[in-house]
Amino acid sequence: MSKEIDNNKRVAKNTLLLYLRMFLMTCISLYTSRVMLQALGVDNLGIYNVVGGVVGLMGILNGAMTVSTQRYLSFGLGQGDMRKLAEVFTTCFTIYVLLCSLLFILAETLGLWVVNSQLIIKPERMVAANWVYQFSILTCVTSLLVSPYSAAIIAHEKMGIYAYFSIFNVILQLLIAYLIQILPIDVLISYGALLMLVGLVNTGFNWIYCIKKFPECKIMRYFDKDKFKELLSYSGWNLFGSMGGVLRSQGIAVLLNMFFPPAVNAAMAIAAQVNGKVEMFFTNFMVAVRPQIIKYYAQGDMDGMVRLVTRSSKFAFFLIFFVGLPVFIESPYIINLWLGQLPEYVVPFVRLMIILSAVESMTQPIMTAAHATGNIRFYQVTVGCVQLMNLPIAYICLKLGTNPYEVVMVSIGLSVFCTFLRVWVLKRLMPFPARQYFKNAYFKPIVVAIVASIVPVVLHVFGESSFINVMIVCMACVVCTSASIYALGLTVGERTYVSSVILSKIKQYG
Numbered sequence: 000m001s002k003e004i005d006n007n008k009r010v011a012k013n014t015l016l017l018y019l020r021m022f023l024m025t026c027i028s029l030y031t032s033r034v035m036l037q038a039l040g041v042d043n044l045g046i047y048n049v050v051g052g053v054v055g056l057m058g059i060l061n062g063a064m065t066v067s068t069q070r071y072l073s074f075g076l077g078q079g080d081m082r083k084l085a086e087v088f089t090t091c092f093t094i095y096v097l098l099c100s101l102l103f104i105l106a107e108t109l110g111l112w113v114v115n116s117q118l119i120i121k122p123e124r125m126v127a128a129n130w131v132y133q134f135s136i137l138t139c140v141t142s143l144l145v146s147p148y149s150a151a152i153i154a155h156e157k158m159g160i161y162a163y164f165s166i167f168n169v170i171l172q173l174l175i176a177y178l179i180q181i182l183p184i185d186v187l188i189s190y191g192a193l194l195m196l197v198g199l200v201n202t203g204f205n206w207i208y209c210i211k212k213f214p215e216c217k218i219m220r221y222f223d224k225d226k227f228k229e230l231l232s233y234s235g236w237n238l239f240g241s242m243g244g245v246l247r248s249q250g251i252a253v254l255l256n257m258f259f260p261p262a263v264n265a266a267m268a269i270a271a272q273v274n275g276k277v278e279m280f281f282t283n284f285m286v287a288v289r290p291q292i293i294k295y296y297a298q299g300d301m302d303g304m305v306r307l308v309t310r311s312s313k314f315a316f317f318l319i320f321f322v323g324l325p326v327f328i329e330s331p332y333i334i335n336l337w338l339g340q341l342p343e344y345v346v347p348f349v350r351l352m353i354i355l356s357a358v359e360s361m362t363q364p365i366m367t368a369a370h371a372t373g374n375i376r377f378y379q380v381t382v383g384c385v386q387l388m389n390l391p392i393a394y395i396c397l398k399l400g401t402n403p404y405e406v407v408m409v410s411i412g413l414s415v416f417c418t419f420l421r422v423w424v425l426k427r428l429m430p431f432p433a434r435q436y437f438k439n440a441y442f443k444p445i446v447v448a449i450v451a452s453i454v455p456v457v458l459h460v461f462g463e464s465s466f467i468n469v470m471i472v473c474m475a476c477v478v479c480t481s482a483s484i485y486a487l488g489l490t491v492g493e494r495t496y497v498s499s500v501i502l503s504k505i506k507q508y509g
C-alpha cells in the first residue's frame, strides 16, 4: 500500500509540473496564434495546414513508434533491467533511422504528387506551398529522430525537464510570429523555414540531455534479430491502430481542401488550436499516469493497475470537462476576443472537437493498459478497422453536401463505438472488471456533466453577450463543476482525501 501511495504522489507531482508547463504554454501560444493569424492571413494559414497535413499523414510512423518506445522503456524500468533497457533503446533508434528513410522517400514521391496535383491551391501560391512542404518534411524527420529521446524522458518520469523543453519551444514560436513580419521573404516560406529550425534546436537539446542523464541513450554496437522483429512487429500493429487517429485529423484536413476553400481549413486549424489547449488538461495527466500503468503491469500488480486505469479514466474526463465546459458555452465570445474576429465555422468546429476530446479522454488509460500487455495485434486490428472508417464516411458525407463541421460528428459517433470496443478487447487480453469499470469511470462522469451544465447553460441562454456575463457563466461553470465532481463524481474515500488536503492547507495558511 505504501508503494502505491508513493506512486500516486509521484503521479501528482509530475502532473503538477506538467500543468505548470501547460499554463505557461497556453498563455504564450494563445497570443502567438493571434499574432500568427494577423501575420499570415486566413488563406496562408489554411495552405500551411493542408500542406502540413500531407506530411502529417506520413507522420503516423512517428506516433506509432513513440508509443512503442515509451512502452518498452517503461516496462524495462519497471523490471529494473538496465542492460535490457540499453538494448531496447539502441534497437528503437535503429528502427527510427529506417523509418526516417522510408518517410523521406514517400514524402518526395507520393506526397509531392498530392501537393501539386490534388490540393486546391491558387497558382500564384504554389511555389510557396512547395517550399513549405519541403520544410515540413525536414521538420517531420527531425521530430521523428528526437522521439526516442523524448520517450526516454517520459519513461524516467523527468517531467520537469520535459516541461522546460516545451516552454522553450513555444517561446521560440512566439519569436517566429514576429520575425515573419520583418523578414524580407514570403511570410509562408519564412514561417515554414523557422519552424524547421525550431525542430532542429529541440532535437539538439533533447539529444544532449538524454546522453548526459540516461546511460541507455548512448547508441551502442548491438543488433538482435529477434528483438528487432519484436519491436518492429509491435510498432507495426501500433502503426495500424494509429492510422485511424491521424487520418481523422490530417486526412480530413486534406478532404476539406478538396471540397471547400482554404478559409475552411483555417477555421478547422484555429478550432484545433483551441481544442488542443483544452486537451492539454488530460494529456498532461496521462503523460504522468502512463508510465505507472505500464510499470504496474511489468511488476505483476494487476489490482493496482486496474484501480489506476479506472481512476485515470474518470479524472481525465473531469479535467477536460472542467476547462471544456466554459469554452464550449462561450466559444463565440472567447474566440472573437482572442483573434479579434470570428471566422466562419470556427465555433461549431470548436464545440464538436471538445465533445470528441471528452469522449476519447476516458479511453486513454484503457489504450495504455492494452499496450502494456505487449499483445496488441488483436486490439489494433479490431479498434483500428473501425477508426479507419473515419475518412471514407467523411468523404461520403461531404460528397452528399453536408456542412464541413459535420465530419467531426462522424468522428464522435465512431469514437463512442470504439469506447465499448476497447473495453471488450481489453477484457479478452486480461482479467478486467468491465461492469465495475463502466460504473465508476463512465456513469459517474456522465451524471456530473449533466448536473454541472444546467446552471451555466441557463445563464448563457438568458444573459447578454457581454464580458460581465461571460465571466458570470465561467464562474458558474467552475463552481457547478467542482461541486458536482465532489458530490457525485468521487468515492467516499476520495472525498475524505480531498477534504483532508483542503483542511490541511487552510490550517497551514490560516
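Numbering-wise, numbering that gives the first Met the number 0 puts 117 at position 118 of the sequence shown, and it's gapless, one number per residue.
Where is the CB? At the ideal position from N, CA and C, for every residue including glycine.
(request) Using the Cα positions of Gln340 and Ile269, report the straight-line distance between them to the nearest angstrom. (result) Here residue 340 refers to the residue found at position 341 when the sequence shown is read from its first residue. Here residue 269 refers to the residue found at position 270 when the sequence shown is read from its first residue. Cα to Cα, Gln340 sits roughly 12 Å from Ile269.
(request) With a cut-off of 8 Å on the beta carbons, I'd call Phe280 and Ile319 a contact; round off their distance for me. (result) Here the question's residue 280 lines up with position 281 in the sequence shown. Here the question's residue 319 lines up with position 320 in the sequence shown. Phe280 to Ile319, Cβ: 5 Å. Contact.
(message) At the level of alpha carbons, what is the spacing between Leu487 and Ile333?
(response) Looking up residue 487 in the sequence shown gives position 488. Looking up residue 333 in the sequence shown gives position 334. In a straight line, the C-alpha of Leu487 is about 29 Å away from that of Ile333.
(request) Pull up the distance between the alpha-carbon of Tyr436 and that of Phe314, whole angstroms please. (result) Position 437 of the sequence shown, counted from the first residue, corresponds to residue 436. Position 315 of the sequence shown, counted from the first residue, corresponds to residue 314. When rounded, the distance between both Cα atoms is 13 Å.
(message) Please report the straight-line C-alpha distance between Ser189 and Phe134, rounded to a whole angstrom.
(response) As a position in the sequence shown, residue 189 is number 190, starting the count at 1. As a position in the sequence shown, residue 134 is number 135, starting the count at 1. Near 10 Å, if we compare the C-alpha coordinates of Phe134 and Ser189.
(message) Can you look up Asn465 in the DSSP assignment and give me helix, strand or coil?
(response) Along the sequence shown, one-based indexing puts residue 465 at 466. Per the sequence presented here, residue 465 reads as Ser, with Asn not at that position. Residue state, collapsed to three classes: coil.
(message) Nearest by alpha-carbon distance to Val512: which of Tyr95, Val322, Leu102 and Arg82 is it?
(response) The first residue shown for the chain is 0 and the last is 509, placing residue 512 beyond what the model contains.
(message) On a Cα-Cα basis, can you pick out the residue from Pro183, Lys211, Lys157 and Val197 that is closest to Leu173?
(response) Indexing the sequence shown from 1 puts residue 173 at position 174. It is Val197 whose Cα lies nearest to the Cα of Leu173.
(request) Answer yes or no: do Leu307 and Asn374 have a C-beta to C-beta separation smaller than 8 Å? (result) In the sequence shown, residue 307 corresponds to position 308, counting from 1. In the sequence shown, residue 374 corresponds to position 375, counting from 1. For Leu307 and Asn374, no; Cβs fall outside 8 Å.
(request) Pick helix, strand or coil for Arg220, following the three-state DSSP scheme. (result) Position 221 of the sequence shown, counting from 1, holds the residue named residue 220. Looking at Arg220 - three-state DSSP - the assignment turns out to be coil, as it is neither helix nor strand.
(request) Report the option in Tyr148, Gly303 and Gln363 whose CA atom is closest to the CA atom of Asn283. (result) In the sequence shown, residue 283 corresponds to position 284, counting from 1. Comparing Cα positions, the closest option is Gln363.
(message) Tell me whether the segment 413 to 428 and the segment 378 to 385 touch, counting them as touching only if at least three CB pairs, one residue from each stretch, are closer than 8 Å.
(response) yes
(request) For Leu338, name the three-state secondary structure that DSSP assigns. (result) Taking the first residue of the sequence shown as position 1, residue 338 is located at position 339. Helix.
(request) Report yes if the CB atom of Val346 is closer than 8 Å to the CB atom of Pro325, and no otherwise. (result) Your numbering for residue 346 matches position 347 in the sequence shown. Your numbering for residue 325 matches position 326 in the sequence shown. Not closer than 8 Å, so no.
(request) Using the Cα positions of Tyr400 and Met388, report the straight-line distance between them to the nearest angstrom. (result) For the purposes of this step, residue 400 is taken as the residue at position 401 of the sequence shown. For the purposes of this step, residue 388 is taken as the residue at position 389 of the sequence shown. This sequence places Gly at residue 400; Tyr is not what is there. Approximately 19 Å between the Cα atoms of the pair.
(request) May I ask you to verify whether the segment 222 to 230 touches the segment 164 to 179, counting CB pairs closer than 8 Å and requiring at least 3? (result) no
(message) For Leu101 and Thr108, I'd like the C-alpha separation in whole angstroms.
(response) Here residue 101 corresponds to residue number 102 of the sequence shown, with the count starting at 1. Here residue 108 corresponds to residue number 109 of the sequence shown, with the count starting at 1. Rounded to whole angstroms, Leu101 to Thr108 spans 11 Å at the Cα level.
(request) On a CA-only basis, which of Lys212, Ile328, Lys443 and Leu76 is nearest Ser483? Give me that one, please. (result) Locating residue 483 in the sequence shown gives position 484, counting from the first residue. Per the Cα distances, Lys443.
(message) According to DSSP, is Ile119 part of a helix, a strand, or is it coil?
(response) For this step, residue 119 is matched to residue 120 along the sequence shown. It is coil, neither helix nor strand.
(request) Have a look at Phe466, Met285, Val491 and Val407 and flag the residue whose alpha-carbon is nearest the alpha-carbon of Asn335. (result) The residue labelled residue 335 in the question sits at position 336 within the sequence shown. Closest option to Asn335, Cα to Cα, is Phe466.
(message) DSSP three-state label for Met0, please.
(response) Stepping through the sequence shown from its first residue, residue 0 is reached at position 1. Any reading at Met0 needs caution, since the residue's pLDDT is 48, under 50, leaving its predicted position unreliable; the model's value is listed next. Met0 falls in the coil class under three-state DSSP.
(request) Could you check the C-alpha separation between Tyr485 and Ser499 for me, to the nearest Å? (result) Taking the sequence shown and counting its residues from 1, one reaches residue 485 at position 486. Taking the sequence shown and counting its residues from 1, one reaches residue 499 at position 500. Near 13 Å, if we compare the C-alpha coordinates of Ser499 and Tyr485.
(message) Could you check whether the segment 201 to 218 touches the segment 145 to 154, counting it as contact only if at least three pairs of C-beta atoms, one from each stretch, sit closer than 8 Å?
(response) yes
(message) Given a cut-off of 8 Å on the beta-carbon distance, is the pair Met219 and Ala106 in contact?
(response) Within the sequence shown, residue 219 is the residue found at index 220, counting from 1. Within the sequence shown, residue 106 is the residue found at index 107, counting from 1. Their beta carbons are not under 8 Å apart, which means Met219 does not touch Ala106 by this criterion.
(request) Kindly indicate the opening and closing residues of the alpha helix (DSSP H) around Gln249. (result) As a working mapping, residue 249 is identified with position 250 in the sequence shown. First-last for Gln249: undefined, no H or E at that position.
(message) Three Cβ pairs or more, each shorter than 8 Å: is that satisfied between the segment 390 to 406 and the segment 251 to 266?
(response) yes
(request) Consult DSSP for His370 and reduce its assignment to one of helix, strand or coil. (result) Position 371 of the sequence shown holds residue 370. Helix at His370.
(request) May I ask you to report which of helix, strand or coil DSSP gives Lys276? (result) To locate residue 276, count along the sequence shown from 1; it is residue 277. Correct three-state label for Lys276: helix.
(message) Suppose contacts are defined by Cβ-Cβ distances below 8 Å. Is Val358 in contact with Ile293 by that definition?
(response) For the purposes of this step, residue 358 is taken as the residue at position 359 of the sequence shown. For the purposes of this step, residue 293 is taken as the residue at position 294 of the sequence shown. Not closer than 8 Å, so no.
(message) Let's see if you can read the secondary structure: which residues bound the alpha helix (DSSP H) around Leu428?
(response) If you number the sequence shown from 1, residue 428 lands on position 429. It spans Glu405 to Leu428 - the alpha helix (DSSP H) in which Leu428 sits, taken as one unbroken run.
(request) Identify the continuous alpha helix (DSSP H) that holds Gln133 and give its terminal residues. (result) Residue 133 sits at position 134 when you count from the first residue of the sequence shown. Here the alpha helix (DSSP H) through Gln133 covers Met125 to Ala154.
(request) Please check the pair Phe258 and Gly383, which I expect to be a contact at CB under 8 Å, by giving their CB distance rounded to whole angstroms. (result) One-based indexing of the sequence shown puts residue 258 at position 259. One-based indexing of the sequence shown puts residue 383 at position 384. In fact, because the Cβ distance is near 26 Å, the residues do not count as touching under 8 Å.
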